[in-house]
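269 is the number of the first residue of the sequence shown in my numbering; add one for each residue after it. A virtual CB, placed ideally from N, CA and C, is assigned to each residue, including glycine. The structure appears right after this line, and notes come after that.
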Amino acid sequence: AGAVAAYPFDYIKSQMQTEEGKAKYKNGADALCKIGLKDPTQLFRGVKVQVVGIAPEKAIKLGMNNMINTMILVNLGHLPLWGEILAGSIAGASQVVATSPLEVLKTGLQTSDMTIPELMKEIGGIKGLFRGVEACIVRDVIFTAVLFPVYTHSQAIFPAFIAGSLSGSIAAFIATPPDFVKTRMLSQDSCVAQRKSSQQLYNSLQQVDASITPSIKVDNNGVASIIKGRRPGGKKPSVSSSSGSPITNEYDYLNDRNPFVVGYKIARKEGIQVLFSGVIERSVGSIPRFGVTLTMFDFLEVLAKSHGWL
269 AGAVAAYPFD YIKSQMQTEE GKAKYKNGAD ALCKIGLKDP TQLFRGVKVQ VVGIAPEKAI
329 KLGMNNMINT MILVNLGHLP LWGEILAGSI AGASQVVATS PLEVLKTGLQ TSDMTIPELM
389 KEIGGIKGLF RGVEACIVRD VIFTAVLFPV YTHSQAIFPA FIAGSLSGSI AAFIATPPDF
449 VKTRMLSQDS CVAQRKSSQQ LYNSLQQVDA SITPSIKVDN NGVASIIKGR RPGGKKPSVS
509 SSSGSPITNE YDYLNDRNPF VVGYKIARKE GIQVLFSGVI ERSVGSIPRF GVTLTMFDFL
569 EVLAKSHGWL
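Written out as structure tokens, the structure reads:
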């Protein structure tokens, strides 16, 4: 229920984290209005994948966190803050087994018009479901390392739902930069055919430019420059993509699978603030998701213990 309720926020967040979305929408509210008015069902594109994948993801995350906490508690006799952070980090790294395939499919559906069969073909089958796994690990480790300690200590002040909502929104805010890098890497991967086509056109024209012999001599320098593939003044003609912007090596970061390198290159090109694109939608969307999830988990854990199941 929490995943479905928060999904439109996740969808809008993904739109705002892509280059296409940044160019098309002013902000998250603008994206929500334009997409919602045109086709409200679009806000739930990919939600089936989210619903199917959310159960194993949460089971691994919550179960692993509890197990590591118990191990530390048994060995030390108490649970220090660093132990809570360590348990959350290990839980985040462990859940990537479930979150990586989920994120690849969900992001592909959210940022393209492809169907699941088309997307699976594009990414190269089952192996492609773990593309961008490095970015998912960084994001999930940071997120859960913050989520569980904040939730545990917030419960001393707030009811479970508020504590879960607060911890989820804080963790989402802090983990937004690696989430942005993950979305950018996966959204570019899902459109790789279009990128390659544009780049191939650019490369072909470059080869044509290089193959024109410079031995042609014309008295009019402007005419000679055009024959050589240059405008008067020695500048090469620009080649534009379908969006009208010049095709350059702006997607060179796709050659890197290191999320830190990718994040650095994007921040250097677009500004460090771009790493927090979609932070409001991501933080707000985490309120119902983790308010419900953590409250239900605690309730079911108490219920299971009262019946001797744990």
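Between the CA atoms of residue j and residue i - distance to the nearest angstrom
i, j, result
"Q456", "E371", "13 Å"
"V409", "A361", "6 Å"
"G345", "A431", "25 Å"
"K281", "H575", "41 Å"
"M382", "K374", "11 Å"
"F426", "E287", "39 Å"
"A323", "K329", "10 Å"
"Y532", "P446", "11 Å"
"Q283", "S380", "10 Å"
"V272", "V315", "7 Å"
"T563", "K302", "34 Å"
"K326", "G539", "34 Å"
"A291", "G321", "31 Å"
"R557", "Y275", "9 Å"
"S437", "V547", "10 Å"
"T444", "N343", "34 Å"
"K573", "K395", "40 Å"
"L571", "T309", "37 Å"
"N295", "D307", "18 Å"
"T451", "R407", "11 Å"
"N334", "T367", "19 Å"
Residue i in three-state terms, based on DSSP
i, result
"F426", "coil"
"G345", "coil"
"S455", "helix"
"N333", "helix"
"G432", "helix"
"A572", "helix"
"T286", "coil"
"A403", "helix"
"Q318", "helix"
"L415", "helix"
"A439", "helix"
"D307", "coil"
"D566", "helix"
"S545", "coil"
"R550", "helix"
"Q378", "helix"
"R313", "coil"
"R536", "helix"
"W350", "helix"
"L373", "helix"
"Y293", "coil"
Cβ-Cβ distance between residue i and residue j below 7 Å
i, j, result
"I405", "V364", "yes"
"A428", "D566", "yes"
"S433", "G289", "no"
"A355", "I336", "yes"
"G376", "L387", "yes"
"L311", "Y279", "yes"
"L347", "I340", "yes"
"L349", "P369", "no"
"M453", "A403", "yes"
Where residue i falls, given that 16 or more other Cβ within 10 Å makes a residue buried
i, result
"L415", "buried"
"S545", "buried"
"T561", "buried"
"K537", "exposed"
"F411", "buried"
"A424", "exposed"
"Q541", "exposed"
"K389", "exposed"
"V418", "buried"
"L578", "exposed"
"P527", "buried"
"I391", "buried"
"V319", "exposed"
"T338", "exposed"
Residues of its chain near residue i, where Cβ-Cβ distance is below 6 Å and the 5 sequence neighbours each way are ignored
i, result
"A440", "R550, S551, S554"
"F448", "Q285, L543, S545"
"F277", "E549, V552, G553"
"S351", "The amino acid occupying residue 351 in the given sequence is Gly; Ser does not appear at that position. If we look at G351 and ignore the five residues flanking it on each side, its Cβ neighbours are I340."
Cβ neighbours of residue i in the same chain (closer than 7 Å, five flanking residues each side left out)
i, result
"G304", "L311"
"I353", "A413, P417"
"S435", "L415, V418, Y419, S422, F558"
"I442", "I410, V414"
"V317", "L370, L373, K374, L377"
"R525", "E402"
Same chain, Cβ closer than 8 Å to residue i, neighbours up to 5 away in sequence not counted
i, result
"D487", "Confidence at D487 is low in this model, with a pLDDT of 48, below 50, so the placement of that residue should be treated as unreliable; the coordinate-derived value is given next. So no residue of the chain qualifies."
"Y293", "Q283, M284, A299, K302"
"A535", "V542, L543"
"L568", "none"
"R313", "Y279, L377, Q378"
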